[in-house]
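Numbering (the numbering used here), first residue to last: 23 to 379.
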């Protein structure tokens, strides 16, 4: 009885020990599947929001820039160019990125589509960064070097600069199609892009395509900042100093914030790509880095509309809340208003452009 009991207990113990192991194996698989599903759902959710916000925001801003109160600044053509590039990223690149997450086999089976998407992404990225640099240089010259600004940023000059920027972006695609570097479906970012493991092309793409525009943006904004500070230092009247403080905010709040955020979002991507030429970092680092870079295309329009007073008035006009007629009957552009007080204090003429205060 005691032996039978012992044997029974043994088999029971054996059964009990074996059973839970089998049961635990099954939930383990379920857990892994849930984690994978959650990861994909999270990635798709982020990109879907980016695609919707970017497409709607950039479409509205682009429509306003092309139709309502055009020509407020000589930087407008560059802002239009940047908005077009952002719209392409939000509408095309982000949509195909979602497709790459949900169905990776699609790009493996349709190589020509993958190459087209990756090439468009590369060209648009370079053109966008170069455009951000052009906007910053334009703002600096508008305030600090007005004569040179008026000579360079004419209608013909602006068209030539915009065309040059996009040709410059397209030049980076030629080596990829010629077999040097190449475009492939990247398993870590789940997107079609240039081959990150090609060290030479990656370094050229990052250093020349990213670092040069970054330096130009920060240099132009730094010189503009120092110029405004210098002008404020010559003013003794508290009222005028307060006025200049508001002008300073106008200079930096809109295009300055837009350009600096745009460059910083791509700068972190450049650092991660260059730091991991051996492609050993986890997929999450590369995926999030690319997503952060692409967020600039989604929120550039929102930033521009939120920080630019004139764009707010355009939105109100679009909604029928106000008119877009000049206050004194003579058209006064944003460039004129933003630089009037700075130029007058700096001894560059009294009441330029016929502005009345």
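A virtual CB, placed ideally from N, CA and C, is assigned to each residue, including glycine. All values derive from a computational prediction rather than experimental measurement.
Reduced DSSP category for residue i - H, G, I as helix; E, B as strand; rest coil
i	result
residue 125	coil
residue 137	helix
residue 298	coil
residue 195	coil
residue 220	coil
residue 207	strand
Contact under 8 Å by Cβ, residue i with residue j
i	j	result
residue 280	residue 213	no
residue 145	residue 195	yes
residue 232	residue 72	no
residue 307	residue 294	yes
residue 241	residue 80	no
residue 176	residue 224	no
residue 319	residue 67	no
residue 152	residue 114	no
residue 101	residue 87	yes
Inter-residue spacing [alpha-carbon to alpha-carbon] between residue i and residue j
i	j	result
residue 76	residue 120	15 Å
residue 286	residue 173	31 Å
residue 62	residue 211	12 Å
residue 127	residue 301	21 Å
residue 164	residue 158	10 Å
residue 253	residue 97	23 Å
residue 95	residue 129	42 Å
residue 434	residue 234	Residue numbering for the chain in the displayed model covers 23 to 379; residue 434 lies beyond these limits and cannot be assessed.
residue 251	residue 245	10 Å
residue 236	residue 166	20 Å
residue 64	residue 171	47 Å
residue 185	residue 60	43 Å
residue 200	residue 137	12 Å
residue 143	residue 260	50 Å
residue 208	residue 105	26 Å
residue 131	residue 198	19 Å
residue 78	residue 314	19 Å
Same chain, Cβ closer than 7 Å to residue i, neighbours up to 5 away in sequence not counted
i	result
residue 140	205, 214, 215 and 216
residue 221	299
residue 283	318 and 325
Sequence-distant residues of the same chain with beta carbon closer than 6 Å to residue i, five excluded per side
i	result
residue 296	228
residue 192	145
residue 69	116, 119 and 120
residue 304	none
residue 219	301
Cutoff 8 Å; reference residue i; Cβ partners in own chain excluding five residues on either side
i	result
residue 181	99
residue 108	76, 80, 150, 318, 319, 320, 322 and 323
residue 123	62, 65, 66, 69 and 212
Any C-beta of chain B under 8 Å from that of residue i
i	result
residue 158	Looking at the structure shown, chain B is missing, and only one protein chain is on hand.
Just list the alpha helix (DSSP H) runs in the stretch 78–117, keeping only unbroken ones of 4 residues or longer that don't cross its boundaries, in chain order.
98–110
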